[in-house]
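Q: In the UniProt record's numbering, the protein residues as written are 1 to 46. Built from N, CA and C at the ideal position, the CB exists for glycine as well. Got a structure here, written out as structure tokens. Questions coming.
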């Protein structure tokens, strides 16, 4: 039970981080439209 909960928590945090990364990517591309999206994804490692 505890192991399942721990795994769920890790999945949740990973999901949160990727969600945050996407939001960050959108804001960065809005701030710097000259930067190609592929370059941002490479920089952030998404």
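Within a Cβ cutoff of 7 Å, which residues of the same chain sit near residue 5, ignoring the five residues on either side of it in sequence?
A: So no residue of the chain qualifies.
Q: Which whole-angstrom value describes the C-beta separation of residue 44 and residue 25, a residue pair presumed to lie in contact below a C-beta threshold of 8 Å?
A: Their Cβ separation, rounded to whole angstroms, is 6 Å, which keeps residue 44 and residue 25 in contact under 8 Å.
Q: Just verifying my parser: in three-state terms, what is the DSSP assignment at residue 21?
A: In the structure shown, residue 21 sits in a helix (DSSP, three-state: H, G or I).
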